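Below is one structure, written out as structure tokens; the observations come after it.
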Amino acid sequence: MTAKPKVGVYICHCGINIASTVDVETVEEYAQKLPNVKVARTYSYMCSEPGQVLIKEDIKEQGLNRIVVASCSPRMHEPTFRKAIQEAGLNPYFLEMANIREQCSWVHEDTGEATEKAKKLITASVAKVRLLEALESKEVDAEPAALVIGAGIAGIQAALDIADAGFKTYLVEKTPSVGGRMAQLDKTFPTLDCSACILTPKMVDCASHPNIELLSYSEVEEVGGYIGNFDVKVRKKARYVDFDKCTGCGDCASECRVADRFPSEFDQGMGKRSAIYLPFPQAVPAKYTIDPESCLYLSRGKCGKSPKCQEVCGAGAINFEQEDEFVEFKVGAIIVATGFDPFDASRKPEYGYDDYPNVITGMEMERLVSASGPTGGKVLISNGEEEIEPKEVAFIKCVGSRDESVGNEYCSRVCCMYTAKQAHLIREKLPDANIRIYYMDVRAFGKGYEEFYDRVRRENVRYIRGNPSEIFKRGNKLVVKAEDTLTSTPLEDEVDMVVLGVGLEPRADMRKMMDLLRLSQSPDRFFLEAHPKLRPVDTATDGVFLAGCCQGPKDIPDTVAQAKGAASSALIPLARGKVTIDAQVAEVNETTCRGCGFCVEICPYSAIEMVTVNQFGHEVEVARVNEALCKGCGSCSAACLSDSIQPKSFRDRQILPQIAALGAMK
Amino acid sequence: MSANNYEPNIVAFLCNWCSYAGADLAGTSRVQYPSNVQVIRVMCTGRVNPLYVMNALQQGADGVLVSGCHPGDCHYMEGNYYARRRLGMLKDLMEFIGVDPRRFHMSWVSASEGHKWKEVVEKTVEDAREAGPFEGFRRRRIDW
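First to last, the sequence lines map onto chains W and A. Quick note on the numbering used here: the first sequence kicks off at 291 and runs consecutively. Quick note on the numbering used here: the second sequence kicks off at 15 and runs consecutively.
Written out as structure tokens, the structure reads:
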């Protein structure tokens, strides 16, 4: 401790957010009397320019060397005030914030109670701030490369943007082809662009871009390190097809002994594929893959006399000996674009999705109307007895969205529009069909959406306000049981086909990504962003960003916008070439360290190692912290028997006075 | 001090990433809860030395709460597991030395669980209220 602490306490009104509940004048008066406090002031908006100037002037004129700002959460404005005091010549870490908004004025109605609590929180902050030490943050080089996980439209767009900016980009896709959900769609609302036509050029770009290394049919296995210096390990799953030799001719698939026997994932199980397959004609890379579960040779060890695919492949690309490969590389930033799962309609058994072949989901409808789909774009459906062209078609919206009974309170944001689009497509193909849409509300919020919804209604598509309770079979018809809630009329509507407007859900395998990258979930179970409004693509893990539906349901324009946002955020450390390492890391007092090594065992980042030093003529072992690896969690400190290892800014001698101050204020 | 109209003084240690953010969310959502809990922010519950808990009781707190990320969700991978072990042992020890275990709570509140934070605070305050004012330790006054 050098100079005697001279503390300035700045109490923010936050307009009326704080001042309406906390009596700021009383608190100011109280703070002035606290030990070492030289100045205490209140101001309407401490974070505003004049508020910051107030602090800066006091630092210069009154010689303040420690600052307490009592305002909002440090998670909100700590960087703001650190910067402000730094500009006034003070070390940025000589700041402590008392959170009297989120954790005081906003959660307590009683002025007396809130004022008392504000006093306590400020007292504890003053107790701590006097003992804070000056810290210098360090800069390390950032690896000029990025990893994008997931190659749907979000991942493709983000990867293209980063690669176009001149940085190496690793694009990892779990399935054999890039394209994701968007590749499965027929047309896109509200412009009716053919989805494949606008997507495939981007798919091809990302495979041919000199800066993109596409790792398809691969999964991220391990991620270590920190922003600027992530170490990534990716498993390239065995395709059993030599990637370089395969020409994509497709002879293997047509000759496969179990050709066209297995439900095609791309066609939502409505079409069939062989054991060796290309997911869809425009797949990128255009390389065949053997599904080891359906391949006779791989699952049973025998396929006739010899596997047919091997016989017909002129390029000699089939290789049953192939094994998973691992590739390791370093990146400076990571973008997560893992997408969503469509809601599983079986979880609404009242709609009979499992029972009736002519109850289908929106995703299946996309394939059914698609020219590249299983029916070649003809709307043909089995009613259980025969394939028919439906005359009566019903859509049901909000299946699995806005529905607490399945645990999804949120709106999926795309179903209103995709049902409208599909109704339009059916109208185009079946001009005489009767089409009705059962809805709770119509949310046509995007650019051109309301206009499209109007157009569809004018195309003689009937919107019926009511959420059907049940679907059952009568003869060869399906009966939709509902109530038209605008006229309070119960309905039993006989139709040939029902399309369930299923919503979007978080991916079932998102847990793995959470563990790999330390991500959290919001209440809707999608990935949690760092701030819902101001940091919508950032996560709590520095250097990891979100794009697309993994963060919450969104349509294609929003997904692309977010992907571009994530790309520009990821480019910051890459373009700068350096990242700032937090200065709040652990430090060892080597004279008191007894060399037991408990901290070494405990450290989750292997940031501590034992070194031999000479102390007073004796060789002794002590712990030493690698500051680049340490994240400052402090787990080591709580385990240290001699209190020798301490995280800076959270040392015992900084926390214990906080405890003492709070304990004393009964 | 009569136990009837006494307001327990509670010190809470919250990890920066989950519980502190959850408490902030409770604020943003204007969830109302008792004002007895004063929060000390630490980066991870793994930082909470069990002695802090005892120290808080010694310094005048009637109850202590430690709250972090859900097991498996720790921002630092393992910190909350360490905390769970250390503080679980501490809780047994407290009972052994005659401190009412209702004075010490541990909870897992994620950054999205503003409402759970309210419930945790209410439960902690209620238990500390039932346990009454704590005068079990002779106070070693720290003149901070």
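We treat Cβ as the ideally placed atom computed from N, Cα and C, and that holds for glycine. Owing to the predicted nature of the structure, the values given are computational and were not obtained by experimental measurement.
In the DSSP assignment, find the alpha helix (DSSP H) that holds residue i and state where it starts and stops.
i: residue 131 of chain A; result: 128 to 145
i: residue 435 of chain W; result: Segment 435 to 439 is the beta strand (DSSP E) holding residue 435 of chain W; no alpha helix (DSSP H) there.
i: residue 38 of chain A; result: 33 to 42
i: residue 369 of chain W; result: 364 to 377
i: residue 801 of chain W; result: 800 to 807
i: residue 564 of chain W; result: Counting along the chain, residue 564 of chain W falls outside any alpha helix (DSSP H), and DSSP gives it neither H nor E.
i: residue 847 of chain W; result: 846 to 866
i: residue 491 of chain W; result: 485 to 498
i: residue 927 of chain W; result: 925 to 929
i: residue 93 of chain A; result: 93 to 110
Residue i CB to nearest chain W CB: under 8 Å?
i: residue 62 of chain A; result: yes
i: residue 126 of chain A; result: yes
i: residue 89 of chain A; result: yes
i: residue 100 of chain A; result: yes
i: residue 108 of chain A; result: no
i: residue 121 of chain A; result: no
i: residue 140 of chain A; result: no
i: residue 69 of chain A; result: yes
i: residue 45 of chain A; result: yes
i: residue 19 of chain A; result: no
i: residue 92 of chain A; result: yes
i: residue 16 of chain A; result: Any answer about residue 16 of chain A is weak, because its pLDDT of 47 lies below 50 and its placement is not dependable; what the coordinates show is given next. No, no contact with chain W.
i: residue 35 of chain A; result: yes
i: residue 150 of chain A; result: no
i: residue 81 of chain A; result: no
i: residue 114 of chain A; result: no
i: residue 143 of chain A; result: no
i: residue 25 of chain A; result: yes
Start and end of the beta strand (DSSP E) containing residue i?
i: residue 792 of chain W; result: 787 to 792
i: residue 428 of chain W; result: 428 to 431
i: residue 514 of chain W; result: 508 to 516
i: residue 502 of chain W; result: 502 to 505
i: residue 651 of chain W; result: 649 to 651
i: residue 387 of chain W; result: 385 to 389
i: residue 306 of chain W; result: No beta strand (DSSP E) contains residue 306 of chain W, which DSSP labels as neither H nor E.
i: residue 612 of chain W; result: Premise fails: residue 612 of chain W is in no beta strand (DSSP E) and is neither H nor E.
i: residue 28 of chain A; result: 24 to 29
Would a check of beta-carbon distances place residue i closer than 8 Å to chain A?
i: residue 810 of chain W; result: yes
i: residue 435 of chain W; result: no
i: residue 393 of chain W; result: yes
i: residue 473 of chain W; result: no
i: residue 499 of chain W; result: no
i: residue 267 of chain W; result: Nothing can be reported for residue 267 of chain W: it is not among the residues displayed for chain W, which extend from 291 to 956.
i: residue 952 of chain W; result: yes
i: residue 957 of chain W; result: Coverage of chain W is limited to positions 291 through 956, which leaves residue 957 of chain W absent and any answer about it impossible.
i: residue 956 of chain W; result: yes
i: residue 291 of chain W; result: Model confidence at residue 291 of chain W stands at a pLDDT of 47, short of 50, so the residue's coordinates are unreliable and nothing is read from them.
Between residue i and chain B, is any beta-carbon pair separated by less than 8 Å?
i: residue 74 of chain A; result: Chain labels in this structure do not include chain B; the protein chains are W and A.
Give, in chain order, every residue of the segment 408 to 419 of chain W whose Cβ lies closer than 8 Å to some Cβ of chain A. The residues in question are 410, 411, 414, 417.
Decide yes or no for the touch test of the segment 391 to 399 of chain W against the segment 326 to 337 of chain W: beta carbon pairs closer than 8 Å, at least 3 of them. With the cut-off at 8 Å, the segment 391 to 399 of chain W and the segment 326 to 337 of chain W do not touch.
Segment contact flag, the segment 837 to 847 of chain W with the segment 880 to 898 of chain W, C-beta cutoff 8 Å, min 3 pairs: No contact exists between the segment 837 to 847 of chain W and the segment 880 to 898 of chain W.
Could you name the residues of the segment 920 to 948 of chain W whose beta carbon sits closer than 8 Å to any beta carbon of chain A, in the order they occur along the chain? Of all residues in the segment 920 to 948 of chain W, those with a C-beta nearer than 8 Å to a C-beta of chain A are 921, 922, 923, 924, 925, 927, 928, 929, 937, 940, 942, 945, 946, 947, 948, reading in chain order.
Which residues, taken in chain order from the segment 789 to 820 of chain W, show a beta carbon closer than 8 Å to some beta carbon of chain A? Hits within the stretch, in order: 804, 805, 808, 810, 811, 812, 813, 818.
Could you say if the segment 639 to 654 of chain W and the segment 552 to 562 of chain W meet the contact criterion of at least three C-beta pairs nearer than 8 Å? Judged by pairs of C-beta atoms under 8 Å, the segment 639 to 654 of chain W touches the segment 552 to 562 of chain W, as three or more such pairs exist.
Should the segment 468 to 485 of chain W be regarded as contacting the segment 707 to 721 of chain W, the criterion being three or more beta carbon pairs within less than 8 Å? Contact between the segment 468 to 485 of chain W and the segment 707 to 721 of chain W is present: three or more C-beta pairs spanning the two stretches fall below 8 Å.
Could you please tell me which residues of the segment 356 to 369 of chain W, in chain order, have their CB closer than 9 Å to any CB of chain A? Against chain A - using a Cβ distance shorter than 9 Å - the residues of the segment 356 to 369 of chain W are 362, 363, 364, 365, 366.
Three-pair Cβ contact test at 8 Å for the segment 751 to 770 of chain W versus the segment 610 to 629 of chain W: Segments in contact, no.
Taking Cβ-Cβ distances below 7 Å as the criterion, which residues of the segment 829 to 853 of chain W are in contact with chain A? Per Cβ criterion, the list reads 830.
For the segment 878 to 893 of chain W, which residues have a CB atom closer than 8 Å to at least one CB atom of chain A, in sequence order? Going along the segment 878 to 893 of chain W in chain order, one finds 892 with a Cβ nearer than 8 Å to chain A.
How do the segment 945 to 954 of chain W and the segment 93 to 102 of chain A stand: do at least 3 beta-carbon pairs fall below 8 Å, yes or no? Cβ pair count under 8 Å is below three, so no.
Within the segment 569 to 596 of chain W, note down every full alpha helix (DSSP H) run reaching 4 residues or more, in order along the chain. Those alpha helix (DSSP H) runs which fall completely within the segment 569 to 596 of chain W and span 4+ residues are 586 to 590.
May I ask you to verify whether the segment 891 to 906 of chain W touches the segment 867 to 874 of chain W, counting CB pairs closer than 8 Å and requiring at least 3? In short, these stretches do not touch, since the Cβ pair count stays below three.
In chain order, which beta strand (DSSP E) runs of at least 3 residues are fully inside the segment 674 to 714 of chain W? Note on the segment 674 to 714 of chain W: whole beta strand (DSSP E) runs with a minimum of 3 residues are 682 to 689, in chain order.
Check whether the segment 811 to 826 of chain W and the segment 671 to 679 of chain W are in contact - that is, three or more C-beta pairs closer than 8 Å. No, the segment 811 to 826 of chain W is not in contact with the segment 671 to 679 of chain W.
For a minimum of 4 consecutive residues, which ranges assigned as the alpha helix (DSSP H) are wholly contained in the segment 867 to 919 of chain W? Fully enclosed alpha helix (DSSP H) runs of no fewer than 4 residues occupy 888 to 892 of the segment 867 to 919 of chain W, in order along the chain.
Touch check for the segment 814 to 833 of chain W and the segment 597 to 614 of chain W: three-plus C-beta pairs under 8 Å? No, the segment 814 to 833 of chain W does not touch the segment 597 to 614 of chain W.
Are at least three pairs of beta-carbons, each pair with one atom in the segment 382 to 389 of chain W and one in the segment 355 to 374 of chain W, less than 8 Å apart? Short answer: they touch.
Flag this pair as touching only if the segment 712 to 726 of chain W and the segment 742 to 752 of chain W have three or more C-beta atom pairs under 8 Å; answer yes or no. Segments in contact, yes.
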